[in-house]
Amino acid sequence: MKKRLILLGPPGAGKGTVGGRLGETLELPLVSSGDLLRENLKKGTEAGIKAKQYMEKGELVPDEIVIAMIEEELSKPSCDRGAILDGFPRTLSQAQMLDGLFECGDDVKVVYLKADDDFLVNRLSKRRVCDGCGKIYHLVNLPPEKEGLCDVCGGKLVQRNDDREEIIRRRLNVYRKMTAPLIEYYGKRNVLHIVPGDGKLEDTLDEIRRIVKW
Ligand code: AMP
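The opening position of the sequence shown corresponds to residue 0 in numbering that gives the first Met the number 0, with each subsequent residue numbered one higher.
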């Protein structure tokens with residue numbers, strides 16, 4: 000019996016930040032398809048090379064690449080108790096593949112972090128990520144103690160290539176077309192919980208902890 004928490008929501012709604020914090024208290028690994036793709040890209044794997052052109056444009060990487068990657072990750076011993084999923088599924092086919100992995104008795108919960116476009120563009124354009132450990136910052140709301148450096152590992156803070164305004168807008172359009180239908184997909188099964196993605200981080204975390212009760 001595994002615990003599966005799916006974090007659904009547009010880019011910038013806080014899936015990575017929220018997922019990382021929840022992972023610490025729930026003692027579940029955070030599995031982020033975006034992070035896995037970026038790792039593959041850095042290492043120059045075949046999947047990474049194929050994914051690059053899509054990621055740069057803010058488009059979705061083809062299902063078969065992402066599905067194979069997630070399947071491999073979820074089959075690792077680190078995911079034996081379950082996982083928190085960030086950024087996956089993003090299409091109906093990905094959601095169906097995930098359904099196939101769930102076993103009877105698994106506890107599946109879906110949290111949809113909701114926020115409007117102007118808020119998301121602002122948050123993403125001011126987002127900075129540690130080059131070393133991946134910790135996420137915001138220039139105004141969650142700045143590092145020392146400018147440009149990570150509080151945790153001292154790594155350099157960088158802006159993701161796809162966090163530029165024109166790419167952000169494209170990612171939001173792709174989200175609306177390809178991923179938003181999943182809200183209805185999970186809603187129909189009564190596993191969906193809607194939580195504001197534009198509130199204070201601690202309030203969002205409290206609300207999700209009340210929902211999952213793990
Ligand atoms: P993220 O870090 O979740 O914002 O993802 C960054 C980029 O990686 C996205 O804009 C897509 O190009 C790609 N990506 C991440 N997750 C998926 C997924 N589940 N399906 C397809 N492409 C993805």
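Idealized CB from N, CA, C, for every residue including glycine.
Integer-rounded CB distance, given that residue j should sit under 8 angstroms from residue i
| i | j | result |
| --- | --- | --- |
| Thr-90 | Met-177 | 5 angstroms |
| Ser-77 | Pro-28 | 5 angstroms |
| Arg-127 | Lys-1 | The Cβ separation is near 33 angstroms, so there is no contact. |
| Ile-207 | Val-110 | 6 angstroms |
Secondary structure of residue i, DSSP reduced to three states
| i | result |
| --- | --- |
| Ser-124 | helix |
| Lys-134 | coil |
| Asp-85 | strand |
| Arg-159 | coil |
| Asp-34 | helix |
| Asp-202 | helix |
| Asp-197 | coil |
| Val-173 | helix |
| Leu-27 | coil |
| Arg-209 | helix |
| Asp-150 | coil |
| Leu-141 | strand |
| Asp-115 | coil |
| Leu-4 | strand |
Contact test: residue i Cβ vs ligand 1 heavy atom, cutoff 7 angstroms
| i | result |
| --- | --- |
| Pro-240 | Examination of residue 240 is not possible in this model, given that the chain is present from 0 through 213 alone. |
| Pro-9 | no |
| Met-54 | yes |
| Gln-158 | no |
| Pro-195 | no |
| Pro-88 | yes |
| Ser-32 | yes |
| Asp-130 | no |
| Leu-36 | yes |
Candidates the options, of which the one nearest residue i by Cα
| i | options | result |
| --- | --- | --- |
| Arg-122 | Lys-134, Leu-200, Asn-140 and Glu-38 | Asn-140 |
| Ile-182 | Gly-13, Gly-15 and Pro-88 | Pro-88 |
| Ile-83 | Asp-161, Asn-172, Gln-52 and Lys-14 | Lys-14 |
| Glu-55 | Met-68, Lys-113 and Gly-33 | Gly-33 |
| Gly-186 | Gly-57, Ala-94, Leu-35 and Lys-51 | Ala-94 |
- prompt: Does the region 10-23 come within contact of the region 59-66, defined as at least 3 CB pairs closer than 8 angstroms?
  reply: no
- request: May I ask you to verify whether the region 2-12 touches the region 156-172, counting CB pairs closer than 8 angstroms and requiring at least 3?
  value: yes
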